[in-house]
Structure formats: structure tokens, C-alpha cells
Amino acid sequence: MTTNHSNITPSQLPDAEGLLKVLAQKLEPLLQENTALVGIHSGGVWLMQRLLALLDDTIARHAIEHGTLDVSFYRDDYAQRGLKAENRPSQIPFEVDNKHIILIDDVFYTGRTTRAAMNELFDYGRPASITLVALVNRGGRELPIAPQIVAAEIPLQASQHLQLIQQTDGTLAFQLD
Amino acid sequence: MNNPQLDKDGNLRHLLSIEGLPKRILNQILDTAESFVGVAEREVKKVPLLRGKTVCNLFFENSTRTRTTFEIAAKRLSADVISLNVSTSSQSKGETILDTVDNLIAMHADMFVVRHAQSGAAHLIARHVPPHIHVVNAGDGRHSHPTQGLLDVFTIRKYKPDLHNLRIAIVGDVLHSRVARSEIHALTTLGVPEVRVIAPKTLLPAQVEKLGVHVFHDMEEGLKDVDVVMMLRLQNERMSGAMLPSTQEYFKTYGLTQEKLKLAKPDAIVMHPGPMNRGVEIDSTVADGKQSVILPQVTYGIAIRMAVMAILAGGSPASQAGGA
């Protein structure tokens with residue numbers, strides 16, 4: 017693992033499926049009564065779906081509910097970029113009040129998506145707590161927000177763009193541009 | 003061809019009519035509205051998109067429902083909303099439309115929602131305003147009422163998602179209806195294979211077939227096996243001269259009753275843009291019946307108007323920047 021902002025090449029990227037298992041292990045102790053999972057579109061939702069499958073016993077034992085957020089209506093760059101052509105309805109099919117919410121994102125970068133997601137969540141109710149979980153922290157945050165649980169820290173240059181993709185067989189992989 | 007509704011990158015700048023909107027934009031509006039439907043079901047029915055923006059409802063002609071739904075839509079987007087009933091204010095003192103608009107721009111209005119009895123009023127304002135100001139046509143004369151057309155298509159898509167397999171009948175006063183035109187354009191653009199209009203000859207515009215519809219003068223024939231029945235309001239107030247013998251006579255021939263509705267498919271939905279003339283174009287048992295989706299249309303109208311305003315007021319997606 018690198019410690020400084022460096023130029024990583026695509027061949028040096030970790031295996032997303034391997035990191036997924038690491039993340040599942042770290043997440044499991046947090047799953048208790050009154051916890052709910054919320055994935056942020058798109059990568060966070062794919063990640064959540066996989067975590068639900070990997071941790072199905074624990075999820076079922078504690079009757080843990082889950083939902084999805086599309087933060088398009090809460091982004092701070094709407095005035096510059098407008099609405100994305102494709103946005104999906106947010107779906108939170110449970111009471112947010114007094115829940116311990118585990119917010120799931122794929123790549124943590126500036127923290128702006130997390131801010132938007134938290135604002136949106138509060139429009140559904142007042143959660144007891146929010147924990148941020150990300151597969152990767154790529155460094156470069158611009159707000160006093162950081163993930164509590166990550167599978168890997170991969171500091172990248174600002175010019176590099178790391179994203180999670182879902183392959184046709186459903187497995188996850190990283191793409192670096 | 004210069005399309006005043008789109009900017010040079012092909013993004014929506016004003017919404018004036020459905021005519022001239024590419025399928026891509028229609029789908030963008032419908033898909034975005036889908037996301038806004040859920041907002042109304044939450045604890046806080048608001049999103050912050052238009053915070054700090056001022057939306058001016060300029061209604062030169064009365065329409066309580068349309069004005070109210072635009073107002074609610076703008077408020078749910080966190081905009082400040084001013085509704086002006088212009089027919090009772092400056093216009094009566096002789097101020098021109100564009101003077102009224104200029105005064106509101108001087109007060110830093112960001113968007114105009116315009117309703118006018120004259121066709122082309124919204125176009126006139128759109129041509130006049132500076133680039134950062136957006137105009138939405140909320141109905142102009144007999145010409146167009148694009149958000150009504152869009153909300154009807156949205157409602158159809160909600161109940162009958164496969165538009166490519168639908169048979170839709172539009173019934174009634176097509177001649178005076180600005181909704182019917184908007185609708186026919188939207189439906190054919192989105193690939194609905196069969197749109198029918200059912201009306202007496204006197205209530206059909208000349209060469210209506212050129213819009214790509216099948217024309218029927220007989221309800222029994224026209225309603226056969228349709229998936230959607232869209233009733234239009236008999237526009238008494240727009241009617242001059244004797245186009246119809248009487249409203250009772252009209253109801254007998256073109257009013258939608260349970261019996262006539264049985265000719266449509268058993269799962270057909272019934273729509274009406276409102277306000278309804280019960281017992282004239284539609285029977286109360288149908289309007290309140292289980293196939294009626296008239297009230298959901300009103301609910302979806304807010305989502306559609308939110309989508310249109312949110313797409314208009316945002317920056318251009320062409321200037322993409324990073325940030326996850």
C-alpha cells in the first residue's frame with residue numbers, strides 16, 4: 017500500500033473482489049439490532065448488494081433493512097453542472113428515526129457526496145448515528161468528513177480518476193483513468 | 003433550424019412546446035420526474051436544488067390547478083415563488099407583457115412560468131429574456147401546454163410501462179385543446195404505435211390526420227380494445243357559435259359511461275386533464291371508478307413540473323468536473 021500521493025498505474029490496482037471481502041469482515045461487528053444499510057448510487061449500491069449476500073446470516077439475524085440514495089438533488093455542483101441525465105429514485109423503505117445508518121460508498125474522495133447523502137438522509141428523519149463505509153479512500157478530501165471503515169487507502173493524484181465498475185458477471189473491478 | 007428551447011449544446015433552456023423536443027429530452031424529463039415522485043412521500047417533501055432562486059408565475063389567464071401545482075413544485079424545490087395574476091394588475095393599466103417581464107427581471111427573477119390566452123406568448127418572453135433566465139409555458143391559447151402533455155405521458159408510463167405496445171384514444175374537444183396537441187406529439191415521439199382521436203367533425207382541427215393519428219367519429223368504434231382513454235374537457239368558454247347541439251346531446255354521443263368504457267380493454271385506464279364537466283364529457287361513475295387515474299395525474303403533475311424546473315435551472319452538464 018502506498019503512503020504518499022503517487023502515480024499508480026492500472027496494473028497496480030488492488031483486486032476489488034479481494035477488498036470486498038476485507039470490507040465485509042470489518043463491517044460485520046457493526047451489524048446489530050436497529051442498524052440499516054444505505055448504498056449511494058451507483059457504486060455504493062453495487063457494493064451494498066454484494067455485502068448483503070456475503071453477510072446474509074448476520075443481516076437476517078438482526079433483521080437489518082437497506083435502502084439506496086441518489087444524491088443528485090443534494091449535490092453542491094448543481095449550479096455548475098446541472099442534473100445528470102440519468103438519476104434514479106432514492107429508496108429508503110424504513111423509518112430513519114433513531115436508526116444506526118451505515119452509509120456505503122465505493123470510492124471516498126472529496127467528501128462532497130457524503131455531505132449530500134447526509135443532508136438527504138436527514139430529510140427522511142433523524143438517525144441515531146451515521147457511519148461511513150467505503151471500499152477505498154483515495155485521499156483528497158475537501159470537507160471535515162472521512163470514512164470510519166475502509167478496505168484500503170490508495171492515495172492518488174488529483175488528475176487520476178478511480179471508479180468502481182460492475183462487470184457483466186456481477187463482479188466488481190476498479191477502473192483508473 | 004434554430005430551436006429556442008435548446009441551448010447550443012442541446013440542453014433544455016426553455017420549455018415552450020413538446021414539438022421540437024428530441025426523444026432524449028422527453029425521456030430525461032420523465033426519468034427525472036420518477037425520482038421526484040418519491041420526494042413527496044418523505045417526511046420532508048423538499049429538496050434544496052432551487053434554493054435562492056426566484057420563480058415567477060405569470061398568469062395572464064386564470065388556471066387555479068396549473069398555477070397551484072407549479073407553485074407547489076417550485077416550493078418543493080426550495081425556490082421562492084411569486085404568483086402574479088396579471089390580468090388583474092398592471093396589464094389592466096396598459097403595461098405590455100415585456101414591460102412586466104423586464105420589471106420582474108429587475109427584481110432578479112430567475113424563471114418565468116407563463117400562462118396566456120394568446121398562442122406564442124411564452125415564445126415571445128423566451129426570445130426576450132437574457133440567457134440565464136428560463137421560461138416554462140404553462141399553456142398558451144390553443145397552441146400548447148407541454149407540462150400537461152408530459153404529465154399525461156408520465157401517468158401512462160406509470161400504469162402501462164411498455165409504450166411500444168399501446169393503443170390510446172383521445173376523446174372530445176381536440177379543436178380547442180392545447181393538451182391534445184402536446185400529447186399527440188409526445189406519444190408519437192416516444193413510440194406509441196396507435197393514437198386515435200374520437201370527436202365530432204366540428205371539434206377536430208383541419209387535417210388532424212397529419213399529426214399521425216387515426217380519426218374516429220364514433221365512440222363505439224374508436225374505444226374498441228384501447229389501453230388508455232384520455233377524455234378532454236368540453237371547452238365551453240372557448241366556444242363561439244353553435245358547434246354542438248347541446249351538452250346533453252354531446253354526453254349521449256361522446257360522454258364516457260361505464261357501458262362505453264367496457265369496449266376498451268378490461269384493464270384500460272381513464273384520464274382527464276381537469277377540470278371535469280361531470281355529466282358532459284364523463285359520467286361520475288367513471289370519473290370516480292376504479293379505472294380512473296385522474297387524481298394520480300394531478301399528483302404526477304407536481305413531479306413533472308419539479309423535473310422541468312430542476313433541469314432548466316441547473317448548470318450545463320457539458321462543463322463536467324470531477325469530485326466523488
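Residue numbers (the numbering used here), protein chains in the order written: chain A, 17 to 193; chain B, 3 to 326. Quick reminder that beta carbons are idealized off the backbone N, C-alpha and C, glycines included.
Asked, Found
"Can you find a C-beta in chain A that's less than 8 Å from the C-beta of B/Ile20?", "no"
"Taking 8 Å as the cut-off, decide whether the C-beta atoms of B/Leu265 and B/Gln293 are in contact.", "no"
"Quick one: Cα of A/Tyr125 to Cα of A/Arg157, how far?", "5 Å"
"With DSSP collapsed to three states, give me the class of A/Leu36.", "helix"
"A/Asn114 CB to nearest chain B CB: under 8 Å?", "no"
"Applying the criterion that 16 or more other CB atoms from any shown protein chain within 10 Å of the CB defines a buried residue, is A/Pro109 buried or exposed?", "exposed"
"In the DSSP assignment, what are the bridge partners of B/Glu196?", "B/Arg169"
"Counting only runs that start and end within the stretch 198-248 of chain B, where is the beta strand (DSSP E) found for 3 or more residues in a row?", "216-218, 230-233"
"Give me the Cβ distance between A/Leu192 and A/Leu178, rounded to the nearest whole Å; I'm assuming they're in contact under 8 Å.", "5 Å"
"Looking at the C-beta of B/Arg307, does it have a partner C-beta in chain A at a distance below 8 Å?", "no"
"Compare the C-beta of A/Ala167 against all C-beta atoms of chain B and say whether one is closer than 8 Å.", "no"
"Put B/Asn5 into one of helix, strand or coil per three-state DSSP.", "coil"
"What residue range is occupied by the uninterrupted alpha helix (DSSP H) comprising A/Val149?", "Element bounds for A/Val149: not the alpha helix (DSSP H) but the beta strand (DSSP E), 145-153."
"On the DSSP bridge assignment, give the partners of B/Glu21 in chain order.", "Beta-bridge pairing links B/Glu21 to no other residue."
"How would you list, in chain order, the residues of chain B whose beta-carbon sits under 8 Å from the beta-carbon of A/Ser58?", "Ordered by position in chain B, no residue passes the 8 Å Cβ test against A/Ser58, which lies about 11 Å from the chain."
"Considering just the uninterrupted stretch of the beta strand (DSSP E) at A/Ile165, what are its terminal residues?", "165-169"
"Pick out the complete beta strand (DSSP E) segments inside the stretch 113-157 of chain B, 3 residues or longer, and give them in chain order.", "113-118, 136-142"
"Buried or exposed: where does B/Asp11 fall if 16 or more other Cβ atoms within 10 Å of its Cβ makes it buried?", "exposed"
"For a contact defined as C-beta to C-beta under 7 Å, what are the partners of B/Arg44 on chain A?", "Asp139, Tyr140"
"State the DSSP-derived secondary structure class of B/Gly324, mapped to helix, strand or coil.", "Unreliable positioning characterises B/Gly324 in this predicted model, as indicated by a pLDDT of 38, which lies under 50. The coordinate reading is nonetheless provided below. Note: B/Gly324 maps to coil in three-state DSSP."
"Assuming A/Ala52 and A/Gly83 form a contact by the criterion Cβ under 8 Å, report the distance between their Cβ atoms to the nearest whole angstrom.", "7 Å"
"DSSP state of B/Arg280, grouped into three classes?", "strand"
"Using a Cβ-Cβ cutoff of 8 Å, what residues of the stretch 95-107 of chain A are near chain B? List them in chain order.", "Ala95, Gln96, Arg97, Gly98, Leu99, Lys100, Ala101, Glu102, Asn103, Arg104, Pro105, Ser106, Gln107"
"Taking beta-carbon pairs under 7 Å, can you tell me which members of the stretch 187-211 of chain B lie near chain A?", "none"
"Is it the case that the stretch 48-68 of chain A contacts the stretch 168-175 of chain A, given that we only count it when at least three CB pairs across the two stretches are under 8 Å?", "no"
"Give me the chain A residues within the contact set of B/Thr34, using Cβ-Cβ distance strictly less than 7 Å, ordered along the chain.", "Leu99, Asn103"
"Taking the alpha-carbon positions, what's the B/Ala123 to B/His274 distance?", "25 Å"
"So A/Ile56 and A/Leu85 are supposed to be a Cβ contact under 8 Å. How far apart are they, rounded?", "5 Å"
"Measuring alpha carbon to alpha carbon, tell me which of A/Ala167, A/Ala162, A/Phe138 ends up nearest B/Glu45.", "A/Phe138"
"Return the bridge partner residues of A/Asn135 from the DSSP annotation.", "DSSP, once it has assigned bridges, lists no residue as partnering A/Asn135."
"Do we get a CB-CB distance below 8 Å when we pair A/Asp3 with the residues of chain B?", "Because chain A spans 17 through 193 in this model, residue 3 of chain A falls outside it and cannot be assessed."
"What does A/Asp86 touch in chain B if you count any residue whose Cβ is under 7 Å from its own?", "Ser37"
"For the candidate residues B/Lys47, B/Ala188, B/Gln299, B/Ile135, whose alpha-carbon lies nearest to that of B/Val103?", "B/Ile135"
"Would you mind stating whether B/Leu28 and B/Cys58 have Cβ atoms separated by less than 8 Å?", "no"
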